[in-house]
Amino acid sequence: MLKLMKYEFRKSASSKFILLVLTAVFELAFLGGVFFKRYNLMGTGMMFLILCAFFGVFYIGLEGIMTLYRDLNSKQSYMLFLTPKSSYEILGAKILENGISILMAGAFFIVLAVFDLTVATLCIGGAKELMDTIRQIMDIRLNIKIASDAVILSVFASLVSWISIVVIADMAVILSASVLAGKKGSGIAAFALFLILSWLFSQMLNLVPAFDNMNLTLFLEIAVSLVLSVIFYFISGWIMEKKLSV
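This is the structure we're talking about:
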């Protein structure tokens, strides 16, 4: 399994490197704006760092889906399916590598955000001055106070939910390449199934009760997302094992 995960990581390493380089460029712009009191530059760097975080995490998941699609519908990874590994192991390695990459990217951007806020607070003169500057840059009013642990847990819950959506999309891709292979409108049918399952997934999360303790609610949402991801994984692995022909 570890060798398979290492192989999957190598296939996506170039895109992660590009994301890291772009983040470094915008981080330098942000820090330069902070240190030299160039608030326009600071605002530009901050905006692009936010975009890197959002679209970076999104693309990592999307790339995992596209890689699975190419593996199943081309000769790109034909030898992978000739190895003495079960479909569960092959799919599991793909999902684990993708999920770990998403969580690591999320953790990286959270740590980077905390670092940037700390540096900016120290350089600008205090938390109030920093928030006033951000309001001027973003032209918005920030009147909501949220505990830092709740913010981090909310981000983690969003990352886990995104992983679940990716697993659902993987199952749709597998169905398109196996059960629906060669049938007219197979791609449309698989996409429709993805939309339906994604909707059902969101409805399941909506059933999680909202407790007074927000953290407890978020923990339950994370647990539900993980359980559903495991269920979708085993269904997808079974389909690959029984129905897939590569």
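Taking the working numbering, the leading residue of the sequence shown gets -10, the next gets one more, and so forth. Yeah, the Cβ is synthetic: ideal placement off N, Cα and C, and Gly gets one too. This one's a predicted model, so the numbers in the text were calculated from it and none came from an experiment.
| Asked | Found |
| --- | --- |
| Answer yes or no: do Gly45 and Gly34 have a C-beta to C-beta separation smaller than 8 Å? | no |
| For Trp151, count neighbouring C-beta atoms within 10 Å of its own C-beta (all shown protein chains included) and say buried if the count is 16 or more, exposed if not. | buried |
| Ignore the nearest five residues each way along the sequence and tell me which others in Ala199's own chain have a CB closer than 8 Å to its CB. | Thr206 |
| Residue range of the alpha helix (DSSP H) that Lys(-5) falls in? | -9 to 24 |
| Return the residue from the list Leu51, Lys26, Leu182, Phe223 that minimises the CA-CA distance to Val155. | Leu51 |
| Which residues mark the beginning and the end of the alpha helix (DSSP H) in which Asp60 is found? | 28 to 62 |
| Assign Asp159 to one of three DSSP states: helix, strand, or coil. | helix |
| So Ile163 packs on Leu233, CB below 8 Å; how close in whole Å? | 7 Å |
| Quick check on Leu196: does DSSP put it in helix, strand or coil? | coil |
| In this structure, how does DSSP classify Asn202 when only helix, strand and coil are distinguished? | coil |
| Measuring only the C-alpha atoms, how far is Phe180 from Leu111? | 49 Å |
| What does a CB cutoff of less than 8 Å around Ala139 pick up in its chain, not counting 5 residues either side in sequence? | Met203, Asn204, Leu207 |
| Could you give the distance in angstroms between the alpha-carbon of Leu217 and the alpha-carbon of Leu194? | 10 Å |
| If you measure between the beta carbons of Ala94 and Ile39, is that distance less than 8 Å? | no |
| Met(-6) and Ala82 look like a contact to me (Cβ under 8 Å); what is the Cβ gap, rounded to whole Å? | 5 Å |
| May I ask you to report which of helix, strand or coil DSSP gives Lys231? | helix |
| Mind checking whether the beta-carbon of Phe15 lies closer than 7 Å to any heavy atom of the ligand HEM? | Absence of the ligand HEM from the depicted structure is noted, as is the absence of any ligand whatsoever, leaving it without description. |
| DSSP three-state call for Lys173: helix, strand or coil? | coil |
| Find the nearest neighbour of Ile99 within the set Ile141, Ser1, Leu8, judged by alpha-carbon distance. | Ile141 |
| According to DSSP, is Ser143 part of a helix, a strand, or is it coil? | helix |
| Can you check whether the CB of Leu189 is closer than 8 Å to the CB of Val197? | no |
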